[in-house]
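Participant:
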Amino acid sequence: MKAVALAFVVMLAALPARAADTVTADDTARFLAGMMPSADSPLIPLTRDPAWQQHARFFDQAFAQLEQRQLSRIRTWAEANLAAPRPTMFYMFSGPDFIYADAFYSKATTYVLSALEPTGSVPDLTRLSRGGVGAALYNVERSLSSILSFSFFITKKMKVDLHAGEISGTLPILYVFLARSGKTIRSVAPVTIDENGIIGTEAGGKSAVRGARITFAGNDGVERTLYYFSTDLSNSGVKASGFLKFCETLAPGNSLIKSASYLMHAGNFTLVRDFILKNSATIVQDDSGIPLVYFNQRRWRFFPFGRYAGPIAEFPGRYQESYAELFRRAQPIDFGIGYRWRTHETNLLLAVQLPGDGFGTADAVAQDAPPPRSPPPRPRAPRPAESLFSPQPGGFFWFGR
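Going letter by letter, the sequence shown gives residues 4 to 404 in my numbering.
#1: Quick one: what's Arg304 bridged to in DSSP?
#2: Whose CA, out of Arg78, Thr50, Phe34 and Ser117, lies closest to the CA of Gly240?
#3: Helix, strand or coil: which one does DSSP assign to Glu317?
#4: Using CA coordinates, which residue listed in Pro314, Glu324, Leu236 and Glu317 is at the minimum distance from Glu120?
#5: If you check the beta carbons only, do Pro99 and Leu177 fall under 8 Å apart?
#6: Only counting the same chain, and skipping five residues up and downstream in sequence, which positions put a Cβ closer than 6 Å to that of Ala327?
#7: In its own chain, which residues sit with a C-beta less than 6 Å from the C-beta of Leu274, not counting the 5 before and 5 after it?
#8: Any idea if Arg183 is buried or exposed, counting beta-carbon neighbours within 10 angstroms, 16 or more meaning buried?
#9: Report the residue from Glu226, Phe34 and Phe306 whose alpha carbon sits nearest the alpha carbon of Ala81.
#10: Can you give me the Cβ contacts of Phe66 inside the same chain, cut-off strictly under 6 Å, excluding the 5 residues immediately before and after it?
#11: For Leu9, is the classification buried or exposed, using 16 other Cβ atoms within 10 angstroms of its Cβ as the cut-off for buried?
#12: Write down the C-beta distance between Gly185 and Thr195 rounded to the nearest angstrom, noting that I regard them as a contact closer than 8 Å.
#13: Can you check whether the CB of Ala367 is closer than 8 Å to the CB of Lys261?
#14: Using DSSP's beta-bridge definition, name the partner residues of Val212.
#15: Would Val125 pass as a contact of Thr218 if the rule is Cβ separation under 8 Å?
#16: Which value, in whole angstroms, describes the spacing of the CA atoms of Thr25 and Gly309?
#17: With DSSP as the reference, please indicate the residues paired to Gln288 in a beta bridge.
#18: Applying the criterion that 16 or more other CB atoms from any shown protein chain within 10 Å of the CB defines a buried residue, is Ala418 buried or exposed?
#19: With contact counted as at least three CB pairs below 8 Å, one residue from each stretch, are the segment 283-297 and the segment 318-327 in contact?
#20: So is Val163 buried or exposed if we call it buried at 16+ other beta carbons inside 10 Å?
#21: Could you check how far apart the C-beta atoms of Val287 and Leu259 are, in whole angstroms? I think they sit under 8 Å.
#22: Just checking my contact of Ala284 with Gln356 at CB under 8 Å: how many whole Å lie between their CB atoms?
#23: Rounded to whole angstroms, what's the CA-CA distance from Ile102 to Tyr114? Just pull it up for me.
#24: In the DSSP assignment, what are the bridge partners of Val368?
#25: Using C-beta distances below 7 Å, list every residue in its chain close to Arg276, excluding the 5 sequence neighbours before and after it, in chain order.
#26: Measuring only the C-alpha atoms, how far is Ser44 from Thr27?
#27: Between which residues of its own chain and Lys248 is the CB-CB distance below 7 Å, once the five residues before and five after are set aside?
#28: Could you tell me which of Met38, Ala54, Gly339 and Ala138 sits nearest to Leu181, measuring between CA atoms?
#29: Please report the Cβ distance between Thr112 and Val191, rounded to the nearest whole angstrom; I am assuming they are in contact, meaning their Cβ atoms lie under 8 Å.
#30: Does the beta-carbon of Gln300 have 16 or more other beta-carbons within 10 angstroms, so that it is buried, or is it exposed?
#31: In angstroms, rounded to a whole number, what distance separates the CA positions of Ala354 and Gln57?
#32: Tell me the rounded alpha-carbon separation between Ala104 and Thr91.
#33: Just the C-alpha distance for Ala254 and Arg51, rounded to the nearest angstrom, thanks.
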């Protein structure tokens, strides 16, 4: 009996050490974000590496500037203008952009982000070589460079950055944004959606939509869920998958559309466009989102903020005369968003669907709407394309260090 008791005591004494051998998702997120992991984390020795310490200083400065310049102002705007948030927040064409989803809709309890970019994976960082850790941290910095400077990801860059190295895909970026938003990650699991919109954890068939489910909590202790799905949002893509059927189980919600490449201006994205219109209590968007012509004017009220300067040069032919007319009575805004990321050029539209019998039905959508009109002659030429990639005064721009 004494021998058994002694063995039991030895086993109990070993438990904390064994627990400390496990690298948690939250500690991994903090490490990638340049934040100190928990005191007993196996990642602590890696924080003594000069490469990580430089990475931490780099992100401390970058996120402090982002907080001051945009995020704190967005939260103030949202608090004043988004009075009755729904539990679900949809963010189509998002990439891994959780940080803006959280800034606009911090009271949501379920976030659904979706884009073409792969989910990827985050390996056990303790198993990487010393040089491999430094290379991984640098790749994370490169992946975040455009969104921290301009508020959006550059798609062509993402195709390269999110496939490079052992840390790849959107998952490490989501980790960084969760940690830097003050969240604590509780669990991470791969998930799939079958053709009927049923979510599961099995591998799924050929048509299954693949993604990740992250549960986390903020300072209020409320457990929240973040879904990211890698999926084709074109008409043929959503017809072949159960993604929108899954989203319907969480509707109605609120929607954010930002830097969406004007895809919903064209005929190949009508299904996702109609889903957003039917299933959103509010839509916050820049002009790259849903054209005004597709809103049922009897069902929606519009609150414009900022200034509509038209599309940047990379997206010709997307000028909306109706947007320009609407924004003649716009309220001022003190932060930049979208492709027109400079504060004095930016536009933000809050569209609120009126409550009533028509909510969540096709009545919310303008039926048989004509395509947007061609732009009239404009007195001012578009800003040159290279201006999109020039740094904001007092800001930063990183494609190398």
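A virtual CB, placed ideally from N, CA and C, is assigned to each residue, including glycine.
Facilitator: A quick look at the data gives this:
#1: Val355
#2: Ser117
#3: coil
#4: Leu236
#5: yes
#6: Tyr311
#7: Asn238 and Val241
#8: buried
#9: Phe306
#10: Arg183
#11: Unreliable positioning characterises Leu9 in this predicted model, as indicated by a pLDDT of 44, which lies under 50. A coordinate reading is not provided.
#12: Going by Cβ atoms, the distance from Gly185 to Thr195 rounds to 30 Å, so no, they are not a contact pair.
#13: no
#14: Ile196
#15: no
#16: 48 Å
#17: Ile260 and Leu352
#18: This structure leaves residue 418 out entirely; the chain is present only between 4 and 404.
#19: yes
#20: The pLDDT assigned to Val163 is 48, lower than 50, so where the model puts this residue is not dependable, and the model offers no usable value.
#21: 5 Å
#22: 6 Å
#23: 11 Å
#24: Phe298
#25: Met267, Ile293 and Tyr297
#26: 8 Å
#27: Asn199 and Gly200
#28: Met38
#29: Between Val191 and Thr112 the Cβ distance is about 17 Å, and since that is not below 8 Å, they are no contact.
#30: exposed
#31: 43 Å
#32: 11 Å
#33: 46 Å
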